[in-house]
Amino acid sequence: RKVFTGDQVLRVNAKSEAQIQLLKTLENGEVFKLDFWTHPSSSDLPIDIHVPYASLYAVQKFLQDNEIPFHVMIQDLQELLDKEQEDLQRNAV
Amino acid sequence: KGGDTKSFDYATYHRLDAIYSWMDSMVAGHPNLISKVQIGSSYENRPMYVLKFSTGGNNRPAIWIDAGIHSREWISTASALWMANKMATDFGVDPSVTSLLGKMDVYLMIVTNPDGYAYTHTNDRMWRKTRSVNSGSTCRGVDPNRNWDAGFGGPGASKNPCSESYHGPSAHSAIEVKNIVDLIKNHGNFKAFISIHAYSQLLMYPYGYTCNDIPHQAELDSVGRRAVQALSSLYGTSYRVGSICKIIYQASGGSIDWSYNNGVKYSFAFELRDTGRYGFLLPANQIIPTATETWLGLKHIMEYVRDHPY
Chain X
63 RKVFTGDQVL
73 RVNAKSEAQI
83 QLLKTLENGE
93 VFKLDFWTHP
103 SSSDLPIDIH
113 VPYASLYAVQ
123 KFLQDNEIPF
133 HVMIQDLQEL
143 LDKEQEDLQR
153 NAV
Chain V
141 KGGDTKSFDY
151 ATYHRLDAIY
161 SWMDSMVAGH
171 PNLISKVQIG
181 SSYENRPMYV
191 LKFSTGGNNR
201 PAIWIDAGIH
211 SREWISTASA
221 LWMANKMATD
231 FGVDPSVTSL
241 LGKMDVYLMI
251 VTNPDGYAYT
261 HTNDRMWRKT
271 RSVNSGSTCR
281 GVDPNRNWDA
291 GFGGPGASKN
301 PCSESYHGPS
311 AHSAIEVKNI
321 VDLIKNHGNF
331 KAFISIHAYS
341 QLLMYPYGYT
351 CNDIPHQAEL
361 DSVGRRAVQA
371 LSSLYGTSYR
381 VGSICKIIYQ
391 ASGGSIDWSY
401 NNGVKYSFAF
411 ELRDTGRYGF
421 LLPANQIIPT
431 ATETWLGLKH
441 IMEYVRDHPY
């Protein structure tokens, strides 16, 4: 089973079209192995990005360097998944 | 009446085998209303089932509802389970549902991407696509909501097999999509096509592959807004309404664009809860509230379709 320990989901609130374009370059790149749960399209809508632990520092720095506002939506993805699994197993029993 | 569907826990997520077993219980509990129709098999040869709600008649006008085309969107499938039971138990009790099923058939596909769904339970909870092998790539799967013949291969879909929005080699190449296309075309009398996704709290209508308005934009917008009013009346959950392209982003090859272009006027897509606290990992204690409010919106659309034949 794939694990996501330390992975975070970041909620990004782009403020301008230029920031949207920067986020699109991030989305199209493959280096950070990002999973966009919601996609950059307009500054009206938040963009949620699942960031693997290994890419966290680089992605957060990218956002900070470009003054793109964000906050952590899910602190540790695996913690939520573990809880979900516990619930599933308990209910199955 | 109801068999062991009475003891089924709708407030938790279930594995595929449990859902398929529950379907048999539903059919057994409501033999004069529900039948289980196998419309084909998935890439990994799992059966693809539709629950057909029908009170008789031949090739009646029908409503299509699918859930779980993106496998990690568990709340979609879980809500569809609850709503199937709601429709079955309300038949003969709620005049609206009784009237609806007296005139129309409802086809409800609860697990539209069974391979992906099974994979989310065993290997990768975050899996979105089908599980097909892509020739020339180590990455598997096609995004089954980018594979329909509606602006196929255009903006908002990827040609990269490793992408979460990979459109596949050709339109309807995903067997899961083709099975539905064949059913809808062979039937020929579907009047509504409703697809249930998660998350973001949106009710959308075509188009996604272009930002041009559809000819029925005003009508579908009005129906959508009233459906959302009904949905929001329960818990105040806020939804946005609009075309896919205008309220989220341009996305080609989507199911409701295909259905609309193939003559199914009332084509809608729901994005269920939430707006960004849990995303695809909505806790199980929100299944029933989500399903309950969604049912109100869905029912409004179905009532409108019933009352506006075309």
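Read top to bottom, the protein sequences are chains X and V. So my numbering is basically just the index in the first sequence, starting at one, shifted up by 62. So my numbering is basically just the index in the second sequence, starting at one, shifted up by 140. The beta-carbon is built from N, C-alpha and C at its ideal position, and this holds for glycine as well.
For V/Gly143 and V/His312, I'd like the C-alpha separation in whole angstroms.
Low confidence applies here, because V/Gly143 scores a pLDDT of 46, under 50, leaving its location unreliable and the question unanswered by this model.
Nearest-angstrom Cα distance between X/Thr87 and V/Leu360?
So the alpha carbons of these two residues sit roughly 34 Å apart.
Do the region 232 to 240 of chain V and the region 288 to 300 of chain V make contact, defined as three or more Cβ pairs closer than 8 Å?
Contact fails: fewer than three Cβ-Cβ distances are below 8 Å.
Within 8 Å (strictly less), CB to CB, does X/Asn75 reach chain V?
So no, X/Asn75 is outside the interface.
Spell out a yes or no on whether the region 160 to 178 of chain V and the region 257 to 277 of chain V are touching, meaning 3 or more CB-CB pairs, one atom from each, closer than 8 Å.
In short, these stretches do not touch, since the Cβ pair count stays below three.
Using beta-carbon positions only, say whether V/Arg380 and V/Leu412 come within less than 8 Å of one another.
At a Cβ-Cβ threshold of 8 Å, V/Arg380 and V/Leu412 do not count as neighbours.
Answer with yes or no whether the minimum CB distance from V/Glu304 to chain X is below 8 Å.
For V/Glu304, the answer is yes, since a Cβ of chain X falls inside 8 Å of its Cβ.
Ends of the beta strand (DSSP E) at X/Asp110?
In this chain, the beta strand (DSSP E) harbouring X/Asp110 covers Ile109 to Val113.
Chain V residues whose Cβ lies nearer than 8 Å to that of X/Val71
Neighbours of X/Val71 on chain V, chain order: Gly419.
Determine the burial state of X/Asp76: buried for a count of at least 16 other Cβ atoms within 10 Å of its Cβ, exposed for fewer.
A quick correction: the sequence has Ala, not Asp, at residue 76 of chain X. Burial of X/Ala76 is indicated by the presence of at least 16 other C-beta atoms within 10 angstroms of its C-beta.
Residue ranges of each alpha helix (DSSP H) run of no fewer than 4 residues wholly in the region 368 to 401 of chain V, ordered along the chain?
Segments of the alpha helix (DSSP H) lying fully in the region 368 to 401 of chain V: 384 to 387 and 395 to 401.
How big is the Cα-Cα spacing for V/Ile203 and V/Ala218?
In a straight line, the C-alpha of V/Ile203 is about 20 Å away from that of V/Ala218.
X/Gln137 - DSSP class collapsed to helix/strand/coil
Assigned with DSSP and collapsed to three states, X/Gln137 falls in coil, not helix or strand.
Determine the burial state of V/Lys146: buried for a count of at least 16 other Cβ atoms within 10 Å of its Cβ, exposed for fewer.
Result: exposed.
Compare the C-beta of V/Thr152 against all C-beta atoms of chain X and say whether one is closer than 8 Å.
Closer than 8 Å: yes.
How close, in whole Å, do the beta carbons of V/Pro254 and V/Ser182 come, if the pair is a contact with beta carbons under 8 Å?
V/Pro254 to V/Ser182, Cβ: 5 Å. Contact.
Quick check: X/Arg73 and X/Phe124, are their CB atoms within less than 8 Å of each other?
No, the pair does not count as a contact, with Cβ atoms beyond the cut-off.
From V/Glu443, V/Tyr150, V/Ser383 and V/Gly376, residue whose alpha carbon lies closest to that of V/Asp414
Minimum Cα distance to V/Asp414 is reached at V/Gly376.
To test your reading of the DSSP string, which unbroken alpha helix (DSSP H) runs of 4 or more residues are found completely within the region 245 to 320 of chain V?
DSSP runs (the alpha helix (DSSP H)) wholly in the region 245 to 320 of chain V: 254 to 262.
With the cut-off set at 8 Å, would you say V/Ala314 and V/Tyr349 are in Cβ contact?
No, Cβ-Cβ distance for V/Ala314 and V/Tyr349 is not below 8 Å.
Given that V/Arg265 touches chain X, what residues does it touch there, using C-beta distances under 7 Å?
By Cβ distance, chain X contributes Leu143.
Put V/Gly142 into one of helix, strand or coil per three-state DSSP.
Because the pLDDT of V/Gly142 is 39, which lies under 50, any placement of that residue in the model is unreliable, and the number read from its coordinates should be weighed accordingly. Note: V/Gly142 maps to coil in three-state DSSP.
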